[in-house]
Amino acid sequence: MARLEKLLEMAYSGNLRALGRLLTLVENPGSEAVELLERLSNRAGRAQVIGFTGIPGAGKSTLVSRVITGLRRRGYRVAVVAIDPTSPFSGGSIMGDRLRMQEHAADPGVFIRSIPTRGIKGGLSMAALAMIEVFDAMGYDKIIIETVGVGQSEVDIINAAHTIIVVTMPGAGDDVQALKAGVMEIGDIYVVNKSDKPEANKTAAYLQFALEKEDIGRRESGWRPKLIKTSAVLGQGIDPLVDAIEEHWKFARSTGLHTEKVKARRLLLAKMLAESLLSSKVSAAMEVHRTLLEEAAASGKGLFRAAEVVAREAASMLLDKE
């Protein structure tokens, strides 16, 4: 573990290249990633995690870039995990979010990491959760998670973020209605972006009515969800949005929501890590028993009993020291 010790020492001292290597390490679960997360756990748990989600095309990335600027003006170190769509051909991430945030590339107080969804349906991957732990332990004050904007299923963010910002745009009434049963229910702050466009007031009025009826929005421990109009392109409404983020953070710390979210995030990460570690061993066990499985599949007999054998073999492999 000498290499890990050296990387941690360098990262703690502010070496961004070492930090990048630690982030790469937790993208690929294994014994070294487990050891890293274990070492970081007692240093993490202090940062505000801010989740940006909402309808695709609402301008989340440009809005996040403006919010980064607002937070930096207030003296905060900011980390961003931008979850990009996965290419169905290469399996890699289409790094559009990081490209739209290039204005912060030269700022040592901002670290932006784009990662692929890799087919995750809940909007978050294990890598994203692990990166939150790394950034938190490295002393970043605000950690922004920008999810891909996949729709109703994108609700894992509720287990990871202290403050959830749902972004929509003018003329998206049908989309908002369709998303009511999922992502539109989970916001602490709602943003009508592109508010310089026609129908912005109509969309804002619709959302305000839904908030007042309590059809949407979280109301944990007495928080009243806020609605803010912004134009990320024109830089309008950014200060009120940053003010609302700060207000919700103060609320989260005063009510104990902060520690509850850290616990929920770590439990979800532990679950995903366990599943990932076991999945890798299942693949290895499949290879060991390939002949048995192929014969069972061809004959139509004993295949699913063979699956039990594979599962036991995978569990046994996981228990063996690597």
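Numbered per my numbering, the sequence shown spans residues -14 to 307. Glycine included, each C-beta is placed from N, C-alpha and C at the ideal position.
Could you give the C-beta distance for Ala113 and Ile68, rounded to a whole number, given that I count them as a contact under 8 Å?
6 Å
Output the boundary residues of the alpha helix (DSSP H) element that contains Pro225.
Ile223 to Thr240
Can you tell me whether Phe120 is buried or exposed? The criterion is at least 16 other CB atoms within 10 Å of its CB, across all chains shown.
buried
Range of the contiguous alpha helix (DSSP H) that encloses Ser16
Ser16 to Leu25
When you compare only the Cα positions, how much space is there between Lys(-9) and Ala282?
49 Å
Given that a residue counts as buried once 16 or more other Cβ atoms are within 10 Å of its Cβ, and exposed if not, what is Pro101?
buried
What did DSSP end up calling Leu219 once you bin it into helix, strand or coil?
coil
Going by other Cβ atoms of all chains shown within 10 Å of its Cβ, with 16 needed for buried, is Arg251 buried or exposed?
buried
My understanding is that Ile171 touches Arg203, with C-beta atoms under 8 Å, so please give their C-beta distance in whole angstroms.
6 Å
Check the C-beta distance from Leu25 over to Ala146 and give it rounded, since I have them as a contact under 8 Å.
Actually they are not in contact, since the Cβ atoms of Leu25 and Ala146 sit about 19 Å apart, beyond 8 Å.
According to DSSP, is Gln132 helix, strand or coil?
Note that residue 132 is Thr in the sequence shown, not Gln. Reduced to three states, the DSSP call for Thr132 is coil.
Using C-beta distances below 7 Å, list every residue in its chain close to Trp234, excluding the 5 sequence neighbours before and after it, in chain order.
Gln33, His147 and Thr148
Which two residues bound the contiguous alpha helix (DSSP H) that contains Arg209?
Run containing Arg209: none; DSSP gives neither H nor E here.
Own chain partners of Asn0 with C-beta closer than 6 Å, once the 5 adjacent residues on each side are dropped
none
For a quick check, are the C-beta atoms of Met169 and Val11 less than 8 Å apart?
no
Just reading off the alpha helix (DSSP H) that Gly39 is part of, what are its end residues?
Counting along the chain, Gly39 falls outside any alpha helix (DSSP H), though it belongs to the beta strand (DSSP E) covering Gln33 to Gly39.
How many Å lie between Pro183 and Thr38 at the Cα?
22 Å
What does the alpha-carbon distance come out to for the pair Ser264 and Pro93?
37 Å
Go through its chain and collect everything with a Cβ distance to Ala237's Cβ below 6 Å, but skip five positions before and after it.
His147 and His243
On the three-state DSSP scale, how would you describe Ala255?
helix
Just list the residues that DSSP pairs Phe96 with in beta bridges.
Ala64
Could you say if the stretch 50 to 64 and the stretch 216 to 229 meet the contact criterion of at least three C-beta pairs nearer than 8 Å?
yes
Sorted by chain position, which residues of the same chain lie with C-beta nearer than 8 Å to Gly44's C-beta, five sequence neighbours on each side aside?
Val152, Met154, Asn178, Lys179, Ala217 and Val218
Just how far apart, CA to CA, sit Ser110 and Val294?
29 Å
For Leu262, which residues from the same chain have a beta carbon less than 7 Å from its beta carbon, with the 5 sequence-adjacent residues on both sides left out?
Pro14 and Leu303
Bounding residues of the beta strand (DSSP E) (the contiguous stretch that carries Ile149)
Thr148 to Thr153
Apart from the five residues just before and just after Gly5, which ones in its own chain have a Cβ nearer than 6 Å to its Cβ?
none
By alpha-carbon positions, which one of Ile150, Lys266, Gly285 and Leu288 ends up nearest to Arg297?
Lys266
Under 8 Å, do Lys211 and Ala189 count as touching if we go by C-beta distance?
no
Rounded straight-line distance, which links the Cα of Gly207 to that of Ala229
15 Å
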